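Below is one structure, written out as structure tokens; comments come after it.
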Amino acid sequence: MNGTTAYTPPTVWSWNKESGGRFANINRPIAGATHDKDLPTGKHPLQLYSLATPNGVKVTVMLEELLALGHAGAEYDAWLIRINDGDQFGSGFVAVNPNSKIPALLDRSGAAPVRVFESGAILQYLAEKFGGAFLPAERAARAECLSWLFWQMGSAPYLGGGFGHFYAYAPTKIEYAIDRFAMEVKRQLDVLDRRLAESRYLAGSEYTIADMAVWPWYGTLAKGQLYEAGEFLQVGEYKNVLRWTDEIAQRPAVQRGRMVNRAWGQPSSQLLERHDASDFDTRTQDKLQPPA
0 MNGTTAYTPP TVWSWNKESG GRFANINRPI AGATHDKDLP TGKHPLQLYS LATPNGVKVT
60 VMLEELLALG HAGAEYDAWL IRINDGDQFG SGFVAVNPNS KIPALLDRSG AAPVRVFESG
120 AILQYLAEKF GGAFLPAERA ARAECLSWLF WQMGSAPYLG GGFGHFYAYA PTKIEYAIDR
180 FAMEVKRQLD VLDRRLAESR YLAGSEYTIA DMAVWPWYGT LAKGQLYEAG EFLQVGEYKN
240 VLRWTDEIAQ RPAVQRGRMV NRAWGQPSSQ LLERHDASDF DTRTQDKLQP PA
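Just so you know, we're using numbering that gives the first Met the number 0 here: the sequence shown kicks off at 0 and counts up by one.
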């Protein structure tokens with residue numbers, strides 16, 4: 000099968016070697032902390048520990064959108080978690096997210112801190128905390144919004160852990176695995192394209208947390224910027240997804256949110272930590288790096 004040898008699973012699986020490929024150094028079959036390390040704490044009630052992967056971008060976009068609406072209580076400190084270095088396995092991070100995945104949020108605005116983990120849960124938590132912002136109140140519209148939010152939660156693992164892993168990161172190209180997940184990702188893009196042919200945004204005429212959840216994954220994919228797979232997946236076929244992607248990308252809060260905790264790309268696009276709105280003007284990497 001495309002040069003691979005047949006594999007017969009043992010009666011009992013055991014972890015006796017790294018799987019190889021990118022991220023092999025941080026993959027393991029057990030949970031919990033690997034080392035003691037406290038998390039830093041800033042001046043704002045909301046403390047975010049994250050990285051600007053698609054899941055991290057969801058939350059920083061939401062926070063920037065809330066601030067743009069005038070919710071001063073949404074001011075936040077965003078701390079960089081370098082997952083390739085294993086920061087997510089520090090004891091402080093595991094205390095906030097026992098699943099050791101970014102993003103993780105700690106809300107210190109009340110009598111006792113509230114931890115929130117999983118990006119979809121954070122979006123819904125913030126929407127409810129700030130009076131239903133970006134979450135429709137009417138029953139049918141709210142149901143539509145939450146349905147698309149949870150669609151993303153269930154679909155993106157096939158895109159990232161499935162297609163992305165086997166197409167871009169696995170040590171061996173396996174035809175069956177790539178074909179299987181490419182088929183599913185194209186089906187997902189078609190689901191989105193059909194919905195966006197009849198609706199400006201995913202939940203209807205209004206921009207919601209559903210769009211914030213889906214856009215960092217599928218908008219990036221539709222622009223050919225994810226896994227260098229644009230030509231392979233022929234993403235230009237999905238005209239309605241592209242229309243929606245481009246419209247959301249023009250929002251100033253989205254442009255700010257995608258910069259936060261970003262540690263790659265153009266230095267002007269990287270704001271490693273965010274503690275104040277002025278940081279976008281003064282603390283991006285192009286302004287902090289010494290001149291050549």
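Note that the Cβ used here is the ideal one computed from N, Cα and C, for glycine as well. Since we're looking at a predicted model, the values are computed, not measured.
query	result
For ALA176, which residues in the same chain have their Cβ closer than 7 Å to its Cβ, ignoring the five residues on either side in sequence?	PHE165
Keeping to the same chain, check which residues put their C-beta closer than 7 Å to that of ILE82; ignore five residues upstream and five downstream.	ILE25, LEU50, ILE101
How many angstroms separate the CA atom of ASP245 from the CA atom of LEU201?	14 Å
For the candidate residues THR40, ALA110, GLY163, SER277, whose alpha-carbon lies nearest to that of LEU104?	THR40
In whole angstroms, give me the CA-to-CA distance for ILE121 and LYS42.	20 Å
Taking C-beta to C-beta, are VAL259 and ALA126 nearer than 7 Å?	no
Check whether the stretch 169-183 touches the stretch 81-99, taking contact to mean three or more Cβ pairs, one atom from each stretch, closer than 8 Å.	no
Can you round the beta-carbon distance between ALA221 and VAL190 to whole angstroms, since I take them to be within the 8 Å contact cut?	Not quite, the Cβ-Cβ distance comes to about 13 Å (not below 8 Å), so this is no contact.
I need the straight-line Cα distance from HIS70 to SER108, nearest angstrom please.	14 Å
Could you name the residues of the same chain whose beta carbon sits closer than 6 Å to that of GLU205, not counting the 5 residues immediately before and after it, in chain order?	none
Select from THR219, PRO44, LYS57, GLY153 the residue whose C-alpha is nearest the C-alpha of ALA110.	PRO44
How many Å lie between ARG194 and TRP14 at the Cα?	43 Å
From the DSSP output, in three-state form, read off ARG141 for me.	helix
Put GLY131 into one of helix, strand or coil per three-state DSSP.	coil
Contact check, PRO266 vs GLN284 under 8 Å by CB: the rounded distance?	4 Å
Return the chain-ordered list of same chain residues with a C-beta closer than 7 Å to the C-beta of LEU270, the five sequence neighbours on each side being excluded.	MET258, VAL259, ARG261, ASP278, PHE279, ARG282, THR283
DSSP state of GLY153, grouped into three classes?	helix
Between which two residues does the beta strand (DSSP E) containing GLN265 stretch?	Element bounds for GLN265: n/a, residue is neither H nor E.
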